[in-house]
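Some notes on the structure that comes next.
In our numbering, the protein residues as written are 156 to 499.
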């Protein structure tokens, strides 16, 4: 458990390792610039490792794009000619180097299967996937934090019921939840569309309706994790001495819960939210295929099956960038929630 001290009001100041590092860097002016610089320095090797490992694993999988394109009707000569044309006859390290030298300049090449510019294909699907992830994150914050605070304050049977719901949310597979939601709310009740996605520019109402079921399925596990962490953190803070002293001094219950306790309980919750946001990227791959949503998840699955390495590489780079941004956001959130975080 992280070491804590107290401020002038008696409120605990968390001294987590990330918090100590953030204090040393600072959160304003030059501190923020230093933090961004550090993240940029670590981002480059991370992107290199992810892209190289991803490229190697894709290259080792059975089959290749030439056979996917020509099918079973091609002759051996046609296969070899197409492999040379696509550069698949080169050693893996040469293929990767050619990809890397273009990618660093923003050129991710063309899709092997359809010839479409990879960057164009990826960017056209980013709004779809981000709609799912941002929607799921909002649901996780509102429902998870709300129920976590409620159960911590009320306790008793309600608290145990919330714990049971959290365990259930963790245990249920995302794809199974998605299938059940389709059967119940799309097929039987016909409240929402079973499959597909409606762009916001085409119909805001249709866009919202097409997201309800996939966002619900995707956010279930995240809601459970945030709920559980919020409840445990709130119970720890509400049982602390400074809360009892504030209550004895006449501070209102609402102020105790939302102004003092929730703020001090928020740092571990933010950590869980960061982890869950990264997990939503993986969950989106499953959900998009269950609901036939044309996002990055369905794109990467189809491209992997077709051995379309440039497309899979571009999606992997995008997901890695999202992870880097999420980690940076978590660091900044620590400073905003408790700017007085100090080193031991």
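Positions of the beta carbon are idealized from the N, C-alpha and C atoms, including for glycine.
Residue 265 carries a strand assignment under DSSP once its states are collapsed to helix, strand and coil.
With contact defined as three or more Cβ pairs closer than 8 Å, the region 326-334 and the region 361-376 are in contact. When DSSP assignments are scanned along the region 430-466, the uninterrupted stretches of alpha helix (DSSP H) that are 4 or more residues long and fall wholly within it turn out to be 451-460.
In the three-state reduction of the DSSP assignment, residue 359 falls in the helix class, which pools H, G and I.
In the assembly as shown, residue 195 is an exposed residue. Its beta-carbon has fewer than 16 other beta-carbons within 10 Å.
Residue 272 carries a strand assignment under DSSP once its states are collapsed to helix, strand and coil. In this structure residue 383 is buried. Its beta-carbon is surrounded by 16 or more other beta-carbon atoms within 10 angstroms. Residue burial annotation: residue 254 is buried, with at least 16 other C-beta atoms found within 10 angstroms of its C-beta. Between residue 287 and residue 366, the CB-CB gap stays under 8 Å. Around the beta-carbon of residue 376, 16 or more other beta-carbon atoms lie within 10 Å, marking it buried. Under the DSSP assignment, residue 247 falls in the alpha helix (DSSP H) whose first and last residues are 247-258. Counting the other CB atoms within 10 Å of its CB gives residue 322 a total below 16, which places it among the exposed residues.
The region 443-452 makes no contact with the region 237-247; the number of CB pairs closer than 8 Å stays below 3. Annotation for residue 300: 381, 385, 424 place their beta carbon closer than 7 Å to its own, counting only its chain and skipping 5 residues before and after. In the three-state DSSP reduction, residue 328 falls in the coil class, being neither helix nor strand. By the beta-carbon neighbour count (other beta carbons within 10 angstroms, threshold 16), residue 251 is buried. With respect to residue 295, residue 428 sits close: the two C-beta atoms are nearer than 8 Å.
Contact annotation: residue 283 and residue 352 have beta-carbon atoms nearer than 8 Å. For residue 242 and residue 461, the gap between their C-alpha atoms comes out near 16 Å. Residue burial annotation: residue 344 is exposed, with fewer than 16 other C-beta atoms found within 10 angstroms of its C-beta. The beta carbon of residue 225 is closer than 7 Å to those of 233, 234, 237 in its chain, skipping five residues each way along the sequence. Approximately 31 Å separates the beta-carbon atoms of residue 191 and residue 464; this is outside 8 Å, ruling out the contact. The C-alpha of residue 438 lies about 7 Å from the C-alpha of residue 329.
With respect to the C-alpha of residue 197, the residue from 491, 215, 417, 476 having the closest C-alpha is 476. Annotated three-state conformation of residue 216 is coil, per DSSP. Burial is judged here by how many other beta carbons sit within 10 angstroms of a residue's own beta carbon; residue 431 has at least 16 and is buried. DSSP places residue 347 in the coil class of the three-state scheme, outside both helix and strand. Annotation: residue 395 to residue 411 spans about 12 Å, alpha carbon to alpha carbon.
Taking all protein chains shown into account, residue 405 has fewer than 16 neighbouring C-beta atoms within 10 Å of its C-beta and is therefore exposed. The residue from 280, 434, 277 with its alpha-carbon nearest to that of residue 481 is 434. The C-beta distance from residue 203 to residue 472 rounds to 10 Å, too long to meet the 8 Å contact threshold. The straight-line gap separating the alpha-carbon atoms of residue 489 and residue 297 is approximately 19 Å. In this chain, the alpha helix (DSSP H) harbouring residue 306 covers 301-309.
Residues 349 of the same chain have their beta carbon placed closer than 6 Å to that of residue 337, with the five preceding and five following residues left out of the count. When secondary structure is reduced to three states using DSSP, residue 419 falls in the helix class.
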